[in-house]
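Asks: Read top to bottom, the protein sequences are chains X and D. When we follow our numbering, the leftmost residue of the first sequence carries the number 2, and every step to the right adds one. When we follow our numbering, the leftmost residue of the second sequence carries the number 2, and every step to the right adds one.
There are 2 protein chains.
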Amino acid sequence: MMERQKLQVTVDIVILTIQDQRLKVLLVKRGIPPFEKQYALPGGFVLHNESLEDAALRELREETGTTDVYLEQLYTFGAPDRDPRGRVVTVAYYALVAPGNSPLVAGTDAAEARWVAMEDLPKLAFDHRKIVDTAITRLRNKLEYTTVGFELLPRKFTLAQLQEMYEIILAKPLDKRNFRRKTEGIGLKALDEWHRTGRKPARLYTFAKKRRG
Amino acid sequence: MMERQKLQVTVDIVILTIQDQRLKVLLVKRGIPPFEKQYALPGGFVLHNESLEDAALRELREETGTTDVYLEQLYTFGAPDRDPRGRVVTVAYYALVAPGNSPLVAGTDAAEARWVAMEDLPKLAFDHRKIVDTAITRLRNKLEYTTVGFELLPRKFTLAQLQEMYEIILAKPLDKRNFRRKTEGIGLKALDEWHRTGRKPARLYTFAKKRRG
DNA sequence: CCAAAAGTGTTAGGAGTACACCCATGG
DNA sequence: CCATGGGTGTACTCCTAACACTTTTGG
Chain X
2 MMERQKLQVT VDIVILTIQD QRLKVLLVKR GIPPFEKQYA LPGGFVLHNE SLEDAALREL
62 REETGTTDVY LEQLYTFGAP DRDPRGRVVT VAYYALVAPG NSPLVAGTDA AEARWVAMED
122 LPKLAFDHRK IVDTAITRLR NKLEYTTVGF ELLPRKFTLA QLQEMYEIIL AKPLDKRNFR
182 RKTEGIGLKA LDEWHRTGRK PARLYTFAKK RRG
Chain D
2 MMERQKLQVT VDIVILTIQD QRLKVLLVKR GIPPFEKQYA LPGGFVLHNE SLEDAALREL
62 REETGTTDVY LEQLYTFGAP DRDPRGRVVT VAYYALVAPG NSPLVAGTDA AEARWVAMED
122 LPKLAFDHRK IVDTAITRLR NKLEYTTVGF ELLPRKFTLA QLQEMYEIIL AKPLDKRNFR
182 RKTEGIGLKA LDEWHRTGRK PARLYTFAKK RRG
């Protein structure tokens with residue numbers, strides 16, 4: 002009786018990073034049916050004695066080699082027909098990986114993993130497209146009233162990089178002067194270091210608040 | 002092997018209403034161990050071929066006799082030790098019930114159900130206190146940038162009732178004139194009906210936007 | 001000296017906040 | 001006529017948004 006009420010529970014993760022001025026998601030190519038050879042989000046079963054977040058972290062380590070990322074539970078998807086093999090409830094998470102922390106492709110897992118730009122998303126397996134969309138919406142909203150955005154930047158960054166990150170995620174241009182004014186008062190520390198690559202060197206900043214790792 | 006990865010999945014619901022100028026939660030007294038005779042959130046197993054939301058609606062109907070309420074997924078709690086009987090992952094929802102729609106206590110379910118004011122919450126079973134707190138936080142936030150609040154009011158209401166509802170949930174007094182100014186521009190329809198009970202009659206309003214049912 | 005990106009202020013409009021009195025009714 | 005809750009306006013501050021030129025450097 003109890004047994005009959007058990008369901009398969011997985012964790013799927015929308016792992017996001019910024020690369021080449023694009024917001025990218027980590028996708029894995031499925032080796033087996035259903036949706037063989039289609040791309041899907043990394044994910045896996047929740048084991049009997051690990052928490053949901055631990056399951057997500059385990060997946061994350063398998064795919065990216067690191068757990069030093071921002072990780073947040075997103076939403077739980079449980080339509081009875083979302084997996085053709087049977088009933089699978091998935092707890093979706095999203096993770097933000099800073100450029101330095103994103104070994105381009107995965108380590109131990111056999112499946113082929115790739116960073117794919119949001120605007121080049123292929124058709125995804127299962128309801129994973131909906132999960133990705135939910136993650137983007139959440140990220141955009143959080144960007145407006147939190148400082149999660151810094152999780153997508155290296156520890157030291159220029160104000161131009163910071164603004165670019167916002168513009169990439171929100172998919173709209175921002176006014177440079179207004180943007181800089183708003184950065185005053187969120188705890189940026191100006192460093193005595195300079196990023197020299199364009200013409201005029203740009204000052205480097207760092208963000209004080211807690212950073213895991 | 003597959004079987005070993007199955008877990009028990011439940012849905013728990015934080016059903017909220019406003020009664021006697023207090024925000025109240027519907028709690029049920031447990032009849033069996035663990036936590037026998039303690040209060041808990043209404044909840045139950047997700048059946049094999051119903052969606053998570055359907056499971057929540059089913060619980061809701063069992064406890065309140067209606068499904069004409071606002072219902073939103075809250076968060077999924079899955080610590081391995083959250084239920085002493087074994088591994089149970091619960092997908093928490095919260096529901097907002099308008100005064101007219103809240104038959105004071107439940108219908109079919111045998112368990113004793115009660116509306117309990119937030120400030121009188123007893124010690125709850127499992128991690129249900131955390132779930133309730135999560136719901137309140139979510140509700141407070143949503144109140145600021147959405148119109149969910151109207152789900153806690155009868156179809157026709159006075160501006161004083163509207164303000165009172167905000168004050169109860171946010172647990173702080175609001176300025177009457179500023180509050181009324183803000184209500185302009187969210188689509189309130191002034192009716193030609195008057196609530197007469199205090200001294201001067203108060204105008205009744207209604208909120209246009211979609212209301213289930 | 002020139003191309004390219006860095007850096008910097010002002011103004012106008014809208015939103016939020018603080019604040020106090022008169023009005024209509026039922027008893 | 002009075003007690004009770006209903007209803008209303010203004011001034012100040014702060015945030016947002018629009019907008020263009022000068023500075024520094026490497027080549």
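For every residue, glycine included, the Cβ atom is placed at its ideal position computed from N, Cα and C. Please read all numbers here as calculations on a predicted model, not as lab measurements.
#1: Below 7 Å between beta carbons: does that hold for X/LEU125 and X/LYS157?
#2: Need the endpoints of the alpha helix (DSSP H) that D/SER135 sits in, please.
#3: Can you tell me where the alpha helix (DSSP H) with D/LEU180 in it begins and where it stops?
#4: Could you compute how far the alpha carbon of X/VAL47 sits from the alpha carbon of X/GLN9?
#5: Taking any Cβ of chain D, which residues in the stretch 74–102 of chain X have a Cβ under 7 Å from it, in chain order?
#6: Would you check if the distance between the CB atom of X/LEU72 and the CB atom of X/TYR94 is smaller than 7 Å?
#7: How is the beta strand (DSSP E) around D/ASP69 delimited, first residue to last?
#8: Does DSSP put X/GLU168 in a helix, in a strand, or in coil?
#9: How would you list, in chain order, the residues of chain D whose beta-carbon sits under 8 Å from the beta-carbon of X/GLU51?
#10: Give every residue of the same chain whose Cβ lies closer than 7 Å to the Cβ of D/ARG88, excluding the five residues on either side of it in the sequence, and list them in chain order.
#11: Whose Cβ in chain D lies nearer than 7 Å to the Cβ of X/PHE46?
#12: Contact between the stretch 115–134 of chain X and the stretch 25–43 of chain X: three or more CB pairs below 8 Å?
#13: Could you tell me which residues DSSP puts in a beta bridge with D/VAL77?
#14: Using only the heavy atoms of the ligand MG, determine whether one of them is closer than 6 Å to the beta carbon of X/ALA96.
#15: So is D/GLN164 in contact with chain X if we call contact Cβ pairs under 7 Å?
#16: Counting pairs of Cβ atoms below 8 Å between the stretch 167–176 of chain X and the stretch 184–197 of chain X, do you hit three or more?
#17: Could you tell me the distance, in whole angstroms, from the CA atom of D/THR18 to the CA atom of D/PHE78?
#18: Can you tell me the Cα-Cα spacing of X/PRO35 and D/GLU168, whole angstroms?
#19: Buried or exposed: where does D/GLY44 fall if 16 or more other Cβ atoms within 10 Å of its Cβ makes it buried?
#20: If we count the other Cβ atoms within 10 Å of its Cβ and call it buried at 16 or more, is X/LEU192 buried or exposed?
#21: Do you know offhand how far X/ALA99's Cα is from D/ARG83's?
#22: Under a three-way DSSP split, which group does X/GLU37 fall into?
#23: Would a check of beta-carbon distances place D/VAL133 closer than 7 Å to chain X?
#24: Give the residues from the stretch 5–39 of chain X that approach chain D closer than 7 Å (Cβ to any Cβ), ordered along the chain.
#25: So the candidates are X/LYS210, X/ASP69, X/LEU24 and X/THR207; which of them puts its Cα closest to the Cα of X/GLU120?
#26: Which residues does DSSP list as the beta-bridge partners of D/ARG115?
#27: If you follow the beta strand (DSSP E) that X/ILE14 is part of, which residue opens it and which one closes it?
#28: Under three-state DSSP, which class holds X/ARG204?
#29: Mind checking whether D/VAL26 and D/VAL117 have CB atoms under 7 Å apart?
#30: Could you have a look at X/GLU60 and say whether DSSP puts it in helix, strand or coil?
Replies: Straight from the coordinates:
#1: Position 124 of the first sequence, counted from the first residue, corresponds to residue 125 of chain X. Position 156 of the first sequence, counted from the first residue, corresponds to residue 157 of chain X. Cβ distance not < 7 Å, so X/LEU125 and X/LYS157 don't count as in contact.
#2: Within the second sequence, residue 135 of chain D is the residue found at index 134, counting from 1. Just to set this straight, residue 135 of chain D is Thr in the shown sequence, not Ser. Segment 129–146, the alpha helix (DSSP H) holding D/THR135.
#3: By 1-based counting over the second sequence, the position of residue 180 of chain D is 179. At residue 180 of chain D the sequence reads Phe, which differs from the Leu that was named. DSSP places D/PHE180 inside the alpha helix (DSSP H), whose first and last residues are 177–184.
#4: Translated into positions along the first sequence, residue 47 of chain X becomes position 46. Translated into positions along the first sequence, residue 9 of chain X becomes position 8. A direct Cα-Cα distance of roughly 8 Å separates X/VAL47 from X/GLN9.
#5: Residues of the stretch 74–102 of chain X whose Cβ lies closer than 7 Å to any Cβ of chain D, in chain order: GLN74, TYR76, THR77, GLY79, ALA80, PRO81, ARG88, VAL90 and VAL92.
#6: Along the first sequence, one-based indexing puts residue 72 of chain X at 71. Along the first sequence, one-based indexing puts residue 94 of chain X at 93. Yes, Cβ-Cβ distance for X/LEU72 and X/TYR94 is below 7 Å.
#7: Numbered from its first residue, the second sequence carries residue 69 of chain D at position 68. Bounds of any beta strand (DSSP E) do not take in D/ASP69, whose DSSP letter is neither H nor E.
#8: Taking the first residue of the first sequence as 1, we reach residue 168 of chain X at position 167. Three-state DSSP puts X/GLU168 in a helix.
#9: Within the first sequence, the letter at position 50 stands for residue 51 of chain X. By Cβ distance, chain D contributes PRO81.
#10: As a working note, residue 88 of chain D is residue 87 in the second sequence. Taken in chain order, the residues that qualify are LEU8, GLN9 and PRO81.
#11: In the first sequence, residue 46 of chain X corresponds to position 45, counting from 1. The answer, in chain order, is GLN6.
#12: Yes: at least three Cβ pairs fall under 8 Å.
#13: Translated into positions along the second sequence, residue 77 of chain D becomes position 76. A quick correction: the sequence has Thr, not Val, at residue 77 of chain D. Answer is D/VAL92, bridged to D/THR77.
#14: For the structure depicted, the ligand MG is absent and the ligand set is empty, with no information on it obtainable.
#15: Residue numbering aside, residue 164 of chain D sits at position 163 when the second sequence is read from its first letter. So no, D/GLN164 is outside the interface.
#16: Contact between the stretch 167–176 of chain X and the stretch 184–197 of chain X is not established, with fewer than three Cβ pairs separated by less than 8 Å.
#17: Residue mapping note: residue 18 of chain D aligns to position 17 of the second sequence, counting from 1. Residue mapping note: residue 78 of chain D aligns to position 77 of the second sequence, counting from 1. Rounded to the nearest whole angstrom, the C-alpha separation of D/THR18 and D/PHE78 is 23 Å.
#18: For this step, residue 35 of chain X is matched to residue 34 along the first sequence. For this step, residue 168 of chain D is matched to residue 167 along the second sequence. The straight-line gap from Cα to Cα measures roughly 52 Å.
#19: Reading the second sequence from its first residue, position 43 is the one you call residue 44 of chain D. Buried, since its Cβ has 16 or more Cβ neighbours within 10 Å.
#20: Against the first sequence, residue 192 of chain X aligns to sequence position 191. Counting other Cβ atoms within 10 Å of its Cβ, X/LEU192 stays below 16 and is therefore classed as exposed.
#21: In the first sequence, residue 99 of chain X corresponds to position 98, counting from 1. In the second sequence, residue 83 of chain D corresponds to position 82, counting from 1. Roughly 33 Å between the two C-alpha positions.
#22: Translated into positions along the first sequence, residue 37 of chain X becomes position 36. The answer is coil: DSSP assigns X/GLU37 none of H, G, I, E or B.
#23: On the second sequence, residue 133 of chain D is found 132 positions in, with the first residue counted as 1. Chain X has no Cβ within less than 7 Å of the Cβ of D/VAL133.
#24: For the stretch 5–39 of chain X, which is checked against every Cβ of chain D, the residues closer than 7 Å are GLN6, LYS7, LEU8, GLN9 and VAL10.
#25: On the first sequence, position 119 is the one that residue 120 of chain X refers to. Here the closest residue by C-alpha is X/LEU24.
#26: Reading the second sequence from its first residue, position 114 is the one you call residue 115 of chain D. Among the bridge pairs identified by DSSP, D/ARG115 is matched with D/LEU28.
#27: Against the first sequence, residue 14 of chain X aligns to sequence position 13. Counting along the chain, X/ILE14 sits inside the beta strand (DSSP E) bounded by residues 7–20.
#28: The sequence position of residue 204 of chain X within the first sequence is 203, counting from 1. When DSSP states are grouped into helix, strand and coil, X/ARG204 belongs to the strand group.
#29: Taking the first residue of the second sequence as position 1, residue 26 of chain D is located at position 25. Taking the first residue of the second sequence as position 1, residue 117 of chain D is located at position 116. It is a contact, given that the beta carbons lie within the stated cut-off.
#30: For the purposes of this step, residue 60 of chain X is taken as the residue at position 59 of the first sequence. Residue state, collapsed to three classes: helix.
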